[in-house]
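Reading through the structure tokens given below for one structure.
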DNA sequence: CTCAGTGTTCAGTG
DNA sequence: TCACTGAACACTGA
């Protein structure tokens, strides 16, 4: 379930392991998610010899920058991940593996194959990233902007939180976690939120993202009070505080929330 | 065997 | 034009 914190953690991994390194070799899987408009031979031909100079991320999308124009764009979909490893120790379902000049490898894997790897001249102006709103971790969202976007809107706030044009990087569990910690019902219409509630929403969002990134998106280290730990599985579970969790479909996605607490 | 879940895009409806 | 819904994508695992 890669959302913003996981992708930021992988970006930092790439930053740490790969910047300053020269790509010696490339292994590309015969798979649509690494091909489509970019035939696999292109990545195999374009990348070797390049030096990785930096990394970038916006929402759930990340990319590598080189000593020449062009970016390697990575999207993880629902089951992708990035790992650094020694030769011969690569993960299963590898789709793209980069051999670095220190002998280590950086490998993108994606067992469920919903995701995307592409070579773009400029990732920032590519179709997927150009469509995104601001990244709520990189630049805390302005209450003015959100209030303007919410004004007059009847859509439930849960659905708005998943809108990547407004909150790039927020996924299903983070949206539920934010509403739980901000004591807001997922059904509330955006246009009905008070100024104060919008402030609380944005502060809570930023706090959750910052905490998740601070523990490298390792859920074992999320605070015990988070809804995250008890939200999985459709049985009528209770939170760590003993509150009843309700499961409903809102905006086409399963929403976990606590009616006695969120209004 | 069935079906939910995970993120994004696209077709369809109102 | 906008707002929203639902399907499709591929696969795992309950």
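Residue numbers (our numbering): 243 to 505.
C-beta: ideal position from N, C-alpha, C; glycine also.
Other residues of its chain near residue i: CB distance less than 7 Å, five sequence neighbours each side excluded
{"i": "residue 393", "result": "433"}
{"i": "residue 309", "result": "292, 293 and 295"}
{"i": "residue 357", "result": "275, 317, 318, 319 and 322"}
Cα-Cα separation, residue i to residue j
{"i": "residue 383", "j": "residue 344", "result": "40 Å"}
{"i": "residue 418", "j": "residue 499", "result": "7 Å"}
{"i": "residue 284", "j": "residue 378", "result": "34 Å"}
{"i": "residue 316", "j": "residue 305", "result": "6 Å"}
{"i": "residue 445", "j": "residue 276", "result": "37 Å"}
{"i": "residue 267", "j": "residue 458", "result": "28 Å"}
{"i": "residue 505", "j": "residue 300", "result": "31 Å"}
{"i": "residue 475", "j": "residue 290", "result": "44 Å"}
{"i": "residue 365", "j": "residue 395", "result": "31 Å"}
For residue j and residue i, believed in contact at Cβ under 8 Å, the rounded distance
{"i": "residue 488", "j": "residue 501", "result": "6 Å"}
{"i": "residue 311", "j": "residue 248", "result": "Going by Cβ atoms, the distance from residue 311 to residue 248 rounds to 28 Å, so no, they are not a contact pair."}
{"i": "residue 350", "j": "residue 322", "result": "7 Å"}
{"i": "residue 245", "j": "residue 412", "result": "7 Å"}
{"i": "residue 428", "j": "residue 492", "result": "5 Å"}
{"i": "residue 414", "j": "residue 503", "result": "Rounded, the Cβ-Cβ distance is 19 Å, inconsistent with contact."}
Residues near residue i by beta carbon distance below 8 Å, same chain, minus five either side
{"i": "residue 261", "result": "294, 295, 296 and 297"}
{"i": "residue 328", "result": "345, 346 and 347"}
Distance CB(residue i)-CB(residue j) smaller than 8 Å
{"i": "residue 506", "j": "residue 263", "result": "As shown, the chain starts at 243 and ends at 505. That puts residue 506 outside it, with no answer to give."}
{"i": "residue 389", "j": "residue 430", "result": "no"}
{"i": "residue 374", "j": "residue 407", "result": "yes"}
{"i": "residue 273", "j": "residue 360", "result": "no"}
{"i": "residue 324", "j": "residue 410", "result": "no"}
6 Å Cβ shell around residue i - same chain, five flanking residues per side excluded
{"i": "residue 188", "result": "Nothing about residue 188 can be reported from this structure: the residues present for the chain run from 243 to 505 only."}
- Where are the beta strand (DSSP E) runs, 3 residues long or more, that stay fully inside the region 315-377, in chain order? 323-327, 336-342, 347-351 and 358-362
- Considering only residues of the region 425-492, which uninterrupted beta strand (DSSP E) runs meet the minimum length of 3 residues and lie entirely inside it, listed in chain order? 488-492
- Query: Taking only runs of the beta strand (DSSP E) that begin and end inside the region 250-297, which ones reach a length of at least 3 residues, in chain order?
  - Reply: Counting only runs of 3 or more, we get 265-270.
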